[in-house]
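**Q** All you need for the numbering used here is the position in the sequence shown, starting with 1, plus 47.
The C-beta atom is built at its ideal place from N, Cα and C for all residues, glycine as well.
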Amino acid sequence: EILVRGVDVDPDALRTRLRLRGPAQVTVVIVRLGTGAASRATAFLCRPSR
Numbered sequence: 048e049i050l051v052r053g054v055d056v057d058p059d060a061l062r063t064r065l066r067l068r069g070p071a072q073v074t075v076v077i078v079r080l081g082t083g084a085a086s087r088a089t090a091f092l093c094r095p096s097r
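1) In three-state DSSP terms, what is Arg105?
2) Would you kindly work out how many angstroms separate the C-alpha atoms of Leu80 and Arg87, rounded to a whole number?
3) Quick check on this structure: which residue in Arg64, Gly83, Val75 and Leu50 has the alpha carbon closest to the alpha carbon of Arg94?
4) Would you mind reading off the limits of the beta strand (DSSP E) that contains Thr100?
Here is the structure:
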């Protein structure tokens, strides 16, 4: 799953570019951290705890 918050990223296009394969389940959360000129996009890779 790819979640995008405050960043101009198309999740479907990113999924294609990543060429995901295998059985592992991962959620990618892409967010904008900071404000103004100091803001930057950050990605968090999250795995289920169980």
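**A** Well, looking at it:
1) Any answer about residue 105 is impossible in this case: the structure gives the chain only from 48 up to 97.
2) 6 Å
3) Val75
4) It is not possible to answer for residue 100, since the shown part of the chain is limited to 48 through 97.
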